[in-house]
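Chemist:
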DNA sequence: AATCAGGATGTAAAGGTTTACATCGGATCG
DNA sequence: CGATCCGATGTAAACCTTTACATCCTGATT
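Protein chains in written order, with this note's numbering: chain B, 132 to 474; chain A, 132 to 474.
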């Protein structure tokens with residue numbers, strides 16, 4: 132006889148508590164939400180009853196009544212990417228500070244799954260949405276048309292002006308330029324670039340920044356560019372191709388891809404950084420423990436999450452005019468994966 | 132004038148739809164939940180109205196009425212660990228198949244945060260809980276006392292008999308024995324082990340398995356054991372110490388720690404696997420791209436997530452007698468990080 | 001033709017909480 | 001002592017949906 136009391140039994144309600152404590156439900160509710168409005172002895176008595184009965188307020192009822200779910204949805208394109216893990220951490224902290232919980236959704240870059248999560252917003256399961264990908268689900272377009280920048284939607288990382296959604300990100304073009312300049316400063320001239328998908332705005336920005344830097348040094352025509360998808364596997368394939376073209380350095384738009392690329396370097400019987408230098412992007416926690424340590428662009432990952440939440444909360448509170456774009460600082464971190472080219 | 136219509140405006144309700152379509156709310160509800168109970172023309176008309184009005188059912192109201200949130204809470208101790216990312220993937224797939232959504236919670240090994248998430252179960256925000264850590268939050272103990280194995284709680288990975296919760300896991304002791312045997316077979320005798328926290332049951336199981344294997348070969352007294360916390364950073368520190376004690380192989384209870392250990396090997400001016408072999412555990416996606424490729428124990432990560440969800444769903448459906456323990460298969464994967472010891 | 005079956009739809013209650021408003025009682029002030 | 005005010009508490013409506021049950025109607029059966 133299963134006794135799944137949470138599941139099938141009556142749960143203890145605020146009414147039970149009120150009856151046992153000899154007060155009205157209003158008083159019980161007040162004890163929980165505005166204790167200062169309740170006389171000390173009453174409050175203590177109610178709290179005692181709540182404890183002994185093991186009462187916990189029903190969230191569905193509360194949400195229904197208050198029109199507030201106290202939850203924020205955060206969708207990430209790939210939960211297995213440690214970069215996003217750090218962003219999630221920052222977001223959760225900020226959310227807790229503001230009295231919200233974070234629901235994390237892994238979309239796997241799949242538009243259909245993105246839609247499924249977006250529906251949670253329409254259904255008021257969550258109060259707002261932060262999406263870290265570059266695609267805004269179609270079903271949210273009407274909302275955006277109606278509300279513009281005051282729709283409870285914020286983008287993280289992948290700023291795309293056309294979307295018309297507030298966003299938190301770094302200056303990807305500038306950061307990318309720095310990464311590229313680093314290779315040039317070491318003496319590299321034949322550089323291969325492994326990008327993200329062309330549809331990704333940050334990949335485009337990073338490519339723009341790199342090409343601009345190459346042009347400054349008159350080596351734009353020696354650039355070799357290959358497209359991957361931020362994952363180690365695809366970068367491994369593309370790196371193989373680039374290595375056959377005799378590049379002396381590989382610049383990858385994510386640390387995961389840098390790892391894949393280094394794997395390809397080793398497979399080709401070459402060494403990194405001796406024969407080929409490799410630069411990554413993101414500075415994931417493992418970057419410093421890799422062999423060799425990854426030279427990369429550090430993004431303020433946790434801060435991106437934090438600011439995105441803060442932005443969203445401002446919107447939810449109808450703040451007068453929240454900023455529409457927040458640009459955070461990046462930093463080039465030089466480790467062992469880059470060195471001057473073999474002469 | 133912010134037009135946060137989801138936020139402050141009236142949302143369109145089933146009543147609006149019913150009025151516009153000229154039917155009762157019951158009919159609208161049926162169109163959505165049991166379309167076959169509604170005549171074709173009526174159904175089409177209602178669907179059309181739903182579309183034009185942009186109606187989306189209010190989840191809070193539905194949950195309140197049905198006593199079913201259609202959500203499963205999955206807490207992980209460390210969301211930045213890619214091992215858990217794979218488990219999450221598997222769980223989400225299985226949940227979708229069963230009509231549930233997954234809410235992911237990152238507890239960071241923090242009992243307080245674990246409690247916060249556990250409350251979601253008491254408050255019926257979610258129908259059930261899968262926790263991947265080794266600690267069951269205190270506040271769920273009463274529920275467990277009342278309901279025993281039919282409480283909607285399942286553990287993943289960290290089976291602990293005392294807890295009295297159904298669990299999905301591999302045979303950690305046996306797997307650990309195999310990993311150890313692999314090193315012994317290569318000829319290693321002076322082996323250092325870097326464990327997880329002693330409180331972690333799987334760490335204890337793995338240690339037990341390793342020690343048993345060591346005893347079989349009469350090298351138990353040459354074992355060097357150091358404690359870490361599954362992270363690369365702590366493993367790096369402990370590996371340093373072990374390397375000073377002239378071990379020829381390091382066996383780490385997670386891939387992240389193996390990576391930290393290899394980093395320490397390099398820092399000591401040694402090479403892996405030339406001077407020191409390293410074995411990990413989990414087989415995270417990056418293990419094969421690491422330099423050298425990680426020899427490790429592959430866990431069926433996605434399957435662990437999937438089976439945990441299936442177990443939970445069975446319980447939620449009051450299935451007669453769901454299995455209490457599910458043990459899945461592991462596999463030793465040999466890559467480049469292990470080799471015979473330097474003679 | 002009267003009865004019945006059964007499909008389509010409507011009615012209304014229930015689910016648990018919050019909160020505006022009403023009420024009550026005691027303290028303060030003139 | 002009466003009027004006033006205020007703090008503490010109670011009453012009851014509202015939030016939106018689902019669903020058991022009632023109702024109505026059409027077509028078939030006897």
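Backbone N, C-alpha and C fix where the C-beta goes; we use that ideal spot for every residue, glycine too.
As the structure is a computational prediction, the values presented were derived from the model and not from experiment.
1) Less than 7 angstroms between C-beta atoms, sequence neighbours within five positions excluded: which residues of the same chain meet that for residue 334 (chain A)?
2) Give, in chain order, every unbroken run of the beta strand (DSSP E) that is at least 3 residues long and sits entirely within the region 149-225 of chain B.
3) Could you compute how far the alpha carbon of residue 102 (chain A) sits from the alpha carbon of residue 331 (chain A)?
4) Residue 430 (chain B) by DSSP, collapsed to three states: which one?
5) Check the DSSP bridge columns for residue 259 (chain B) and list the partner residues they point to.
6) Thinking C-alpha only, which one of B:263, B:244, B:271 is nearest residue 252 (chain B)?
7) At a cut-off of 7 angstroms, would you count residue 455 (chain B) as near the ligand SAH, judging by its Cβ distance to the nearest heavy atom?
8) Please report whether the beta-carbon of residue 406 (chain A) lies at a distance below 8 angstroms from any beta-carbon of chain B.
9) What are the start and end residues of the alpha helix (DSSP H) that includes residue 369 (chain A)?
10) Shortest alpha-carbon distance to residue 295 (chain A) belongs to which of A:438, A:201, A:281?
11) Quick check: residue 378 (chain A) and residue 396 (chain A), are their CB atoms within less than 8 angstroms of each other?
12) Do you know how far the Cα of residue 213 (chain A) is from the Cα of residue 254 (chain A)?
13) I'd like to know whether the C-beta of residue 256 (chain A) is nearer than 8 angstroms to at least one C-beta of chain B.
14) Are any of the Cβ atoms in chain A nearer than 8 angstroms to that of residue 133 (chain B)?
15) If we define contact as Cβ-Cβ less than 8 angstroms, is residue 481 (chain B) a contact residue for chain A?
16) Below 7 angstroms on C-beta distance, what does residue 397 (chain A) contact in chain B?
17) Report back the beta-carbon spacing between residue 195 (chain A) and residue 195 (chain B) to the nearest angstrom; my notes put them in contact at under 8 angstroms.
18) Shortest alpha-carbon distance to residue 324 (chain A) belongs to which of A:267, A:302, A:341?
19) Just the Cα atoms here: how many angstroms apart are residue 306 (chain A) and residue 344 (chain A)?
20) Against chain A, does residue 443 (chain B) count as a neighbour if the rule is that its beta carbon must be under 8 angstroms from one of theirs?
21) Could you name the residues of chain B that residue 558 (chain A) contacts, counting a contact when the two beta carbons are closer than 9 angstroms?
22) Rounded to a whole number of angstroms, what is the C-alpha to C-alpha distance between residue 404 (chain B) and residue 470 (chain B)?
23) The alpha helix (DSSP H) that contains residue 307 (chain A), what's its start and end?
24) Give the straight-line distance between the Cα atoms of residue 193 (chain A) and residue 462 (chain A), rounded to the nearest whole angstrom.
25) Hey, does residue 229 (chain A) have any beta-carbon neighbour from chain B nearer than 8 angstroms?
26) Starting from residue 347 (chain A), trace the alpha helix (DSSP H) both ways and give me its first and last residue.
27) Could you tell me the distance, in whole angstroms, from the CA atom of residue 444 (chain A) to the CA atom of residue 226 (chain B)?
28) Cβ of residue 221 (chain A) less than 8 angstroms from any chain B Cβ?
29) Only counting the same chain, and skipping five residues up and downstream in sequence, which positions put a Cβ closer than 6 angstroms to that of residue 338 (chain A)?
30) Does residue 457 (chain A) pass the burial test, meaning 16 or more other C-beta atoms within 10 Å, or should it be called exposed?
31) For the alpha helix (DSSP H) containing residue 237 (chain A), list its first residue and its last residue.
32) Give a yes or no on whether the C-beta atoms belonging to residue 427 (chain A) and residue 406 (chain A) are separated by under 8 angstroms.
33) Rounded to whole angstroms, what's the CA-CA distance from residue 203 (chain B) to residue 150 (chain A)? Just pull it up for me.
34) Per DSSP, residue 298 (chain B) forms a beta bridge with which residues?
35) With a threshold of 8 angstroms between beta carbons, is residue 152 (chain A) in contact with chain B?
36) Any idea which residues DSSP pairs residue 383 (chain B) with across the strands?
Modeler: On the basis of the coordinates in this document:
1) Locating residue 334 (chain A) in the second chain gives position 203, counting from the first residue. Excluding sequence neighbours, residue 334 (chain A) sits near 326, 327, 328, 384.
2) 202-207
3) Coverage of chain A is limited to positions 132 through 474, which leaves residue 102 (chain A) absent and any answer about it impossible.
4) What you label residue 430 (chain B) is simply residue 299 of the first chain in a count that begins at 1. Three-state DSSP puts residue 430 (chain B) in coil, outside helix and strand.
5) Counted from its first residue, the first chain places residue 259 (chain B) at position 128. DSSP lists B:203 as partners of residue 259 (chain B).
6) On the first chain, residue 252 (chain B) is found 121 positions in, with the first residue counted as 1. Of the candidates B:263, B:244, B:271, the one whose C-alpha sits nearest the C-alpha of residue 252 (chain B) is B:271.
7) As for the ligand SAH, it is missing from this structure, which has no ligand bound.
8) Residue numbering aside, residue 406 (chain A) sits at position 275 when the second chain is read from its first letter. Not closer than 8 angstroms to any Cβ of chain B, the Cβ of residue 406 (chain A) fails to qualify, so no.
9) For the purposes of this step, residue 369 (chain A) is identified with residue 238 of the second chain, where counting begins at 1. 363-375 is the span of the alpha helix (DSSP H), which, as asked, contains residue 369 (chain A).
10) Translated into the one-based positions of the second chain, residue 295 (chain A) becomes position 164. Per the Cα distances, A:281.
11) In the second chain, counting from the first residue as 1, residue 378 (chain A) sits at position 247. In the second chain, counting from the first residue as 1, residue 396 (chain A) sits at position 265. No, these two residues do not count as a Cβ contact at 8 angstroms.
12) By one-based count along the second chain, residue 254 (chain A) stands at place 123. By one-based count along the second chain, residue 213 (chain A) stands at place 82. Near 30 angstroms, if we compare the C-alpha coordinates of residue 213 (chain A) and residue 254 (chain A).
13) Counting from 1 along the second chain, the entry for residue 256 (chain A) is found at position 125. So yes, residue 256 (chain A) belongs to the interface.
14) For the purposes of this step, residue 133 (chain B) is identified with residue 2 of the first chain, where counting begins at 1. In this predicted model, residue 133 (chain B) has a pLDDT of only 35, less than 50, meaning its place in the structure is not dependable enough to derive any value.
15) Chain B is shown from 132 up to 474; residue 481 (chain B) falls before or after that span and cannot be answered.
16) Walking along the second chain from the start, residue 397 (chain A) turns up at place 266. In chain order: 422.
17) For the purposes of this step, residue 195 (chain A) is identified with residue 64 of the second chain, where counting begins at 1. For the purposes of this step, residue 195 (chain B) is identified with residue 64 of the first chain, where counting begins at 1. Going by Cβ atoms, the distance from residue 195 (chain A) to residue 195 (chain B) rounds to 6 angstroms, so yes, they are a contact pair.
18) As a first step, residue 324 (chain A) is located in the second chain; it is residue number 193 there, counting from the start. If we check each option's Cα against that of residue 324 (chain A), A:341 comes out closest.
19) Walking along the second chain from the start, residue 306 (chain A) turns up at place 175. Walking along the second chain from the start, residue 344 (chain A) turns up at place 213. Between residue 306 (chain A) and residue 344 (chain A), the C-alpha separation is close to 11 angstroms.
20) As a position in the first chain, residue 443 (chain B) is number 312, starting the count at 1. Closer than 8 angstroms: no.
21) Here chain A has residues from 132 to 474 only, and residue 558 (chain A) is not among them.
22) Translated into positions along the first chain, residue 404 (chain B) becomes position 273. Translated into positions along the first chain, residue 470 (chain B) becomes position 339. Rounded to whole angstroms, residue 404 (chain B) to residue 470 (chain B) spans 6 angstroms at the Cα level.
23) Stepping through the second chain from its first residue, residue 307 (chain A) is reached at position 176. Counting along the chain, the alpha helix (DSSP H) containing residue 307 (chain A) begins and ends at 303-317.
24) As a working note, residue 193 (chain A) is residue 62 in the second chain. As a working note, residue 462 (chain A) is residue 331 in the second chain. Distance between the alpha carbons of residue 193 (chain A) and residue 462 (chain A) is about 45 angstroms.
25) Here residue 229 (chain A) refers to the residue found at position 98 of the second chain. Not closer than 8 angstroms to any Cβ of chain B, the Cβ of residue 229 (chain A) fails to qualify, so no.
26) Residue mapping note: residue 347 (chain A) aligns to position 216 of the second chain, counting from 1. Counting along the chain, the alpha helix (DSSP H) containing residue 347 (chain A) begins and ends at 332-347.
27) In the second chain, counting from the first residue as 1, residue 444 (chain A) sits at position 313. In the first chain, counting from the first residue as 1, residue 226 (chain B) sits at position 95. Those two C-alpha atoms are separated by around 30 angstroms.
28) Walking along the second chain from the start, residue 221 (chain A) turns up at place 90. Answer no: the Cβ-Cβ gap between residue 221 (chain A) and chain B never drops below 8 angstroms.
29) Stepping through the second chain from its first residue, residue 338 (chain A) is reached at position 207. Cβ within range, chain order: 326.
30) Stepping through the second chain from its first residue, residue 457 (chain A) is reached at position 326. That one is buried.
31) Along the second chain, read from residue 1 onward, the residue named residue 237 (chain A) stands at position 106. Taken as a continuous stretch (DSSP letters only), residue 237 (chain A) belongs to no alpha helix (DSSP H), being part of the beta strand (DSSP E) at 232-237.
32) Within the second chain, numbered from 1, the residue matching residue 427 (chain A) stands at position 296. Within the second chain, numbered from 1, the residue matching residue 406 (chain A) stands at position 275. No, the pair does not count as a contact, with Cβ atoms beyond the cut-off.
33) Working through the first chain from its first residue, we reach residue 203 (chain B) at position 72. Working through the second chain from its first residue, we reach residue 150 (chain A) at position 19. Those two C-alpha atoms are separated by around 32 angstroms.
34) In the first chain, residue 298 (chain B) corresponds to position 167, counting from 1. Looking at the DSSP assignment, residue 298 (chain B) forms a beta bridge with B:286, B:456.
35) For the purposes of this step, residue 152 (chain A) is taken as residue 21 along the second chain, with counting starting at 1. By this cut-off, residue 152 (chain A) is not an interface position.
36) As a position in the first chain, residue 383 (chain B) is number 252, starting the count at 1. DSSP lists B:325 as partners of residue 383 (chain B).
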